[in-house]
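Okay, so here's the structure we're looking at.
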Amino acid sequence: MTKINELHQKWAKDPEYQQAYDELDTEFELARVLIDARVAAGLTQAQVAERMKTSQAAIARMEGGKVKPSAGSLERYAKAIGSRLHISFEPLNPI
48 MTKINELHQK WAKDPEYQQA YDELDTEFEL ARVLIDARVA AGLTQAQVAE
98 RMKTSQAAIA RMEGGKVKPS AGSLERYAKA IGSRLHISFE PLNPI
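Residue numbers for the sequence shown, in this note's numbering: 48 to 142.
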């Protein structure tokens, strides 16, 4: 196990740390989904930016979790990578 994973396991016992981590998890997940979808489409950030008529830096910020993209931006991103945007909810405590 890596040092960072060991530290995370240790810190996760602290309720304040765990709450902050959980709050960021959604942002990290969005970043992972965006990057994975773009890579699966075989596109670079620059290519996505060109298709969206924006800058590569804007795509990097979106994928880096530095901005909270609107539903419209996510829809444009999806279209640029040849995908359809699908948003869903799942229960916190599945039955």
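Glycine included, every Cβ here is placed at the ideal spot set by N, Cα and C.
Secondary structure of Lys-50 (DSSP, three-state): helix.
Taking C-beta separations shorter than 7 Å and ignoring five residues to either side along the sequence, Ala-104 has no partners in its chain. For Val-114, the secondary structure class from DSSP, reduced to helix, strand or coil, is coil.
By the criterion of a C-beta distance shorter than 7 Å, Ala-84 is surrounded in its chain by Ile-128 and Ser-130, once the five residues flanking it on both sides are discounted.
The beta carbon of Ala-107 sits closer than 7 Å to the beta carbons of Gln-92 from its chain, once the five residues preceding and following it are set aside; these are given in chain order. In the structure shown, the three-state DSSP call for Ser-120 is helix.
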